[in-house]
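Below is one structure; the comments refer to it alone.
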Amino acid sequence: MKMKTKEVCSYDILSLGEVMLRLDSGEERVRNTRQFKAWEGGGEYNVARGLHRCFNQRAAIVTALADNDIGYLIEDLIYQGGVDMTYLKHLPSDERGLRNGLNFTERGFGFRSSLGTSDRGDTAISRLKPGDIDWHKIFGKDGVRWFHTGGVFAALSDSSKEVALEAVKIAKQYGTKVSYDPNYRASLWSDRGGVEAAQELNREISNYADVIMGMSLDSAIIDLNLNKLNQKELTNIFEKTAAKFPDLKVITTTLREVKSATINDWRAIAWSPEQGLVESSHYKNLELLDRVGGGDSFASGLIYGLLKGGALQEAVDYGAAHGVLAMTTPGDTSSARLDEVEQVMKGAGEAVIR
């Protein structure tokens with residue numbers, strides 16, 4: 034993938050999305066706990082943070098926070114993650130209840146699944162509207178090599194989807210590569226048309242994407258168990274998807290087989306017209322501490338591999354290994370280092386490193 038060079042860009046990666054305060058009940062259940070550990074997290078943000086902290090890329094976030102102490106706490110956590118907040122907007126808390134998003138997270142164990150309870154109604158970022166962000170300055174003057182956003186942000190409000198469309202269109206005008214995660218959250222679409230409306234929006238945004246990260250563009254595919262398909266069948270699905278989006282360079286997805294909340298099989302696949310279908314190592318019986326954010330960490334590893342000009346196989350391997358490590362630590366985001374990711378790619382693991 035030919036892309037803009039570092040020399041003409043202020044950022045390697047820019048994400049657009051909501052950053053929530055994650056409240057983790059640890060070993061207890063949310064309904065019973067008396068204390069929480071606070072983290073920051075959000076699908077689009079996690080990708081930028083992983084690219085900065087693990088892969089040493091210059092990362093920034095476009096987001097909005099309510100101008101109150103919860104917003105300042107989230108901002109402080111973002112500072113610790115090292116993601117540039119030049120484009121963060123502070124919106125005043127008002128009597129209409131403008132607020133910051135919360136995500137209460139309960140770690141699963143054995144037969145008890147993990148549980149995430151989001152509280153994100155009428156949050157600051159859902160009020161962003163077209164024209165609020167100077168995308169021409171960001172992509173045209175400041176310069177961005179890669180832009181990432183997703184279906185969760187686009188689903189927050191009617192104006193959110195318009196902001197996402199505005200951003201991807203202008204990014205393409207200036208030669209910035211665009212990745213889109215068509216993530217579907219049923220709770221965000223329950224009163225706005227359900228899965229059909231979500232997929233209509235996802236297809237519209239995907240028209241401007243170079244990379245699609247996920248297979249939720251088609252309800253027929255959502256219902257398939259991709260783990261059961263062979264390479265020929267998977268290739269056929271990717272080719273049919275790519276035919277709908279002429280500018281698409283790569284389609285990729287992670288594949289997870291859940292044996293229990295704490296034991297999963299995990300791998301990733303990707304397809305491009307030039308290189309066909311490639312697959313990562315198959316991590317069997319992977320022991321998980323916290324599965325939240327594994328897919329986002331895969332995305333950041335994949336983008337890193339593509340930014341550095343590697344083959345698609347290498348990019349998928351970076352993504353899968355980074356996702357593996359992210360799920361062995363608590364929180365949405367990765368605490369891995371690049372050398373640790375590369376050790377996993379080479380087959381290292383389990384042994385004590387001295």
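For my numbering, add 33 to where a residue sits in the sequence shown, where the first one is 1.
Backbone N, C-alpha and C fix where the C-beta goes; we use that ideal spot for every residue, glycine too.
All values derive from a computational prediction rather than experimental measurement.
Check	Outcome
Run through DSSP, which three-state label would T274 get?	helix
Within 10 angstroms of its Cβ, does R387 collect 16 or more other Cβ (buried), or is it exposed?	Low confidence applies to R387: its pLDDT is 35, below 50, so where it sits in the model is not reliable enough to give any reading.
Starting from Y351, trace the beta strand (DSSP E) both ways and give me its first and last residue.	First-last for Y351: L345 to A359, but that is the alpha helix (DSSP H), not the beta strand (DSSP E).
Could you check the C-alpha separation between A384 and A359 for me, to the nearest Å?	Interpretation of A384 is limited by its pLDDT of 46, a score under 50 that renders its predicted location unreliable; the figure taken from the coordinates is listed afterwards. Rounded to whole angstroms, A384 to A359 spans 18 Å at the Cα level.
For the beta strand (DSSP E) that A303 lies in, which residues bound it at each end?	I296 to S305
Rounded to whole angstroms, what's the CA-CA distance from E373 to G130? Just pull it up for me.	44 Å
Can you name the start and end residues of the beta strand (DSSP E) that Y316 belongs to?	Y316 to E320
Return the chain-ordered list of same chain residues with a C-beta closer than 6 Å to the C-beta of K194, the five sequence neighbours on each side being excluded.	A187 and L234
Determine whether the beta carbon atoms of D243 and D214 lie at a separation below 8 Å.	no
Got a sec, what are the start and stop residues for the alpha helix (DSSP H) Y337 sits in?	G327 to L340
Secondary structure at G130, three-state DSSP: helix, strand or coil?	coil
In chain order, what residues of the same chain have a beta carbon less than 6 Å from the beta carbon of R62, not counting five sequence neighbours either side?	E139
Mind reading off the beta-carbon distance from K182 to E77? Whole number of angstroms is fine, and I expect it under 8 Å.	Before going on, a small fix: residue 182 reads as Thr here, not Lys. Contact holds; Cβ gap of about 5 Å.
Quick check: what's the CA-CA separation for F271 versus R67?	47 Å
On the CB-based measure, 16 or more other CB atoms within 10 Å of its CB, does V41 come out buried or exposed?	exposed
List in chain order: all unbroken alpha helix (DSSP H) runs of 4+ residues lying wholly within the region 157 to 230.	184 to 187, 191 to 206 and 219 to 222
Grab the span of the beta strand (DSSP E) containing A97 for me, first residue to last.	A97 to A99
My guess is that Q90 and L340 are in contact by the Cβ rule of under 8 Å, so how many angstroms apart are they, rounded?	7 Å
Rounded to whole angstroms, what is the Cα-Cα separation between N263 and R55?	38 Å
Roughly how many angstroms lie between the CA atoms of T119 and A93, to the nearest whole one?	7 Å
Could you tell me which of K210, A197 and D191 sits nearest to G226, measuring between CA atoms?	D191
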